[in-house]
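Notes follow once the structure below has been shown.
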Amino acid sequence: MPRQLSNALKFVGIGFLIGGLGGAGWYLVQIRGRGGLAETVTPTRLFEQVLSHVQDYGVDSLGETEIFRRAAEGLVRELDDEYAALIPAGASIDGPSDAGGVGLMLFVRGERAVVQHVLPGSPAERAGLWAGDQIISVGEAAPTGVGREAVRQTLDGAPGSSVEIEVRRPGVRDALRFSLQRQAARDHYLSERIDLDRGITYLSIGLVGPGLPQALRRILRDLPRSTRGLILDLRGATGGTLEEAVQIADLFLDEGAPIVTVRGRGETVRHLHAEQGQVRPDLPITLLVDGATADAAEALAGALQDDDRALILGSPTFGRGSSQGDYPLGDRWTVRISTARWETPLGRRIEPDAARVPSDSADERPSFTTGGGRSVFGGGGIVPDSLVDAPELSPSMQALYRILGPAIPDFVTATHEMGRRLATRPITPHFRATDDDLTSLMRLLVEKQLRVPPNVFEAAREDLRELLGRETVFDRLGLAGVVRRMVTTDDGTRMAVELLHRVRTPRELVLGR
């Protein structure tokens, strides 16, 4: 091992073991010696003694190089920093992305990669993967304990090839295994412009990436003057750098308007502002957010909310807004750590205090006042102006999925097949499956040896009717058809449309005057 790298790892390893042994910190530690007298030991001396005893007496002792490597990895892992990583040479150090083109956005919970969001219309969504699924294996590899980067690298492959992924799903006893066909990974997932009734335009963002600001600018410029309002759906939107957050916010704010404050260590502070001026200042805007909205999307939502430019609907966002730095350690390793946190123009920190879990209740959060006199709330994440409950799986569908267990992927495949059969008839976005259609679904499940007790199927009848309706509309009309259906079936979309139909100006939408 090069001397420079060995010294670097030794320094990091000392820091980890000091920090991990009873919270010694930078205080002196009292250790009682053989004679019963307390001996004052500095943290450095404490580490040296522990290392010496492990090497001399540990039955499974490791070599010094391996001890320091594990200590360095442990220090990075123990930080309250999701992005922190000790990365070997040649490994990917990119931020969140569509791993392998399958449509999965991942984050780390403990030592397991977890699905944060499934991109609309992606192979993962069509296969039936859900947010919250914990990844057990990808292909023949079992990346347990090595986090998001290892999963992403294993998912990568040639477009058109297939990959098997195994997950644990909360509430389902057995592991689930899905087969996904890779497609070309995209820099960003922006839905086509979908024009709803009476001049309302809907756009959905799944992945914030390098090409998104330019794509949004083109769409905004092409909107007809008759457009009455814009719905920007950021539910599940994640990824993105600070620069991309600023470029997107610049499309919706006046020149010179504050967008984000970057607060680093000590007195290091940067204030970033809009430079070009907004494209459509006449356009009322609603933003839809949820608990999976993260990163650049949160900076965007916070900037527009603080400026009284848009009305935010949904549930509090994830609470992840920070900048990272990559620091080479010799020629074999790079350490990545967060170097600054993002704040909204009013000073609301997007990432919550690590020692305090943010509450959804506004009563337990600090309050800030916008220029228009509205109250907005801090404490981590972005709290919407109007809270809209995220849709939850009904008890009857939970019971159905519990009975299906490891056969859930086969059930998803069966609903896709049934949707394709039904899509041969004339279809509108508000298509409703009939009782005969549900009977045909039950027969198909029996043919595929998916045994669902009649009473369980009957209890879930209306949920299955809606599921078949969505599958059929998606097969025949695509994402645009599903969105038009959401105007009546999704509370957030419905509320956004109703609000935009009532107003004429952005000020009227946000301030009520």
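370 is the number that our numbering gives to position 362 of the sequence shown; each next residue is one higher, with no gaps.
We treat Cβ as the ideally placed atom computed from N, Cα and C, and that holds for glycine.
Alpha-carbon to alpha-carbon, residue j and residue i
i           : j           : result
residue 491 : residue 262 : 30 Å
residue 416 : residue 401 : 14 Å
residue 443 : residue 473 : 8 Å
residue 513 : residue 520 : 10 Å
residue 137 : residue 123 : 8 Å
residue 277 : residue 303 : 19 Å
residue 154 : residue 112 : Confidence in residue 154 is poor, its pLDDT being 48 and thus under 50, which makes the residue's placement unreliable; the coordinate value appears in the next sentence. One C-alpha to the other measures close to 17 Å.
residue 222 : residue 300 : 24 Å
residue 139 : residue 284 : 36 Å
residue 161 : residue 238 : 37 Å
residue 461 : residue 179 : 19 Å
residue 323 : residue 392 : 6 Å
residue 60  : residue 82  : 19 Å
residue 578 : residue 412 : Look at the range of the chain in this structure, 9 to 521, and you will see that residue 578 is not part of it.
residue 254 : residue 91  : 21 Å
residue 517 : residue 235 : 15 Å
residue 310 : residue 274 : 24 Å
residue 3   : residue 73  : Because the chain in this structure spans residues 9 to 521, residue 3 falls outside the shown range and cannot be described.
residue 243 : residue 64  : 55 Å
residue 66  : residue 337 : 29 Å
residue 526 : residue 121 : Since the displayed the chain opens at 9 and closes at 521, residue 526 lies outside it and no answer follows.
residue 421 : residue 135 : 7 Å
residue 232 : residue 95  : 48 Å
residue 215 : residue 131 : 15 Å
residue 439 : residue 159 : 38 Å
residue 106 : residue 56  : 44 Å
residue 146 : residue 187 : 10 Å
residue 503 : residue 497 : 11 Å
residue 77  : residue 50  : 23 Å
residue 456 : residue 170 : 23 Å
residue 286 : residue 224 : 12 Å
C-beta atoms of residue i and residue j nearer than 9 Å
i           : j           : result
residue 383 : residue 394 : no
residue 87  : residue 345 : yes
residue 195 : residue 108 : no
residue 125 : residue 246 : yes
residue 199 : residue 508 : no
residue 419 : residue 446 : no
residue 97  : residue 410 : no
residue 405 : residue 471 : yes
residue 399 : residue 290 : no
residue 252 : residue 220 : yes
residue 307 : residue 342 : no
residue 441 : residue 477 : yes
residue 189 : residue 168 : yes
residue 407 : residue 348 : no
residue 201 : residue 230 : yes
residue 380 : residue 515 : yes
residue 448 : residue 433 : no
residue 350 : residue 271 : yes
residue 70  : residue 62  : yes
residue 330 : residue 68  : no
Cβ neighbours of residue i in the same chain (closer than 6 Å, five flanking residues each side left out)
i           : result
residue 427 : 479, 480, 483
residue 397 : none
residue 141 : 123, 175, 177
residue 332 : 91, 344, 346
residue 52  : none
Beta-carbon contacts of residue i that lie in its chain and below 7 Å, excluding the five residues immediately before and after
i           : result
residue 204 : 210, 492, 495, 505
residue 510 : none
residue 327 : 358, 359, 360, 366, 388, 389
residue 265 : 281, 282, 315
residue 3   : Given that the chain is displayed from residue 9 to residue 521, the structure contains no residue 3 and the question cannot be resolved.
residue 279 : 266, 269
residue 475 : 423
residue 386 : 356, 357, 373, 374, 376
residue 129 : 487
residue 31  : Summary for residue 31: the model assigns pLDDT 38, below 50, so the residue's position carries little reliability; its value from the coordinates is reported in the next sentence. There are no such residues.
residue 335 : 342, 343
residue 206 : 236, 509
Sequence-distant residues of its chain with Cβ nearer than 8 Å to residue i (five each side left out)
i           : result
residue 183 : 144, 174, 175, 176, 414
residue 312 : 257, 260, 261, 293, 295, 318, 320
residue 501 : 210, 239, 241, 296, 491, 494, 495
residue 425 : 452
residue 192 : 109, 167
Residue i: CB within 8 Å of a non-hydrogen atom of the ligand GTP
i           : result
residue 180 : Summarising the ligand content, the structure contains no ligands, and the ligand GTP is consequently not present.
CB-CB length for residue i against residue j, believed under 8 Å
i           : j           : result
residue 197 : residue 127 : 5 Å
residue 435 : residue 485 : 6 Å
Test: residue i CB closer than 9 Å to a CB of chain D
i           : result
residue 465 : Within the model displayed, chain D is absent; a lone protein chain is all it includes.
Point to revise | Within the stretch 121-203, ranges of the alpha helix (DSSP H) (whole runs, at least 4 residues) | key: 131-135, 155-163
Review point. At which residue ranges does the stretch 63-113 contain complete alpha helix (DSSP H) runs of 4 or more residues, listed in the order of the chain?
Key: 72-86
Review point. Curious, which full-length alpha helix (DSSP H) runs of at least 4 residues does the stretch 444-490 contain?
Key: 462-467
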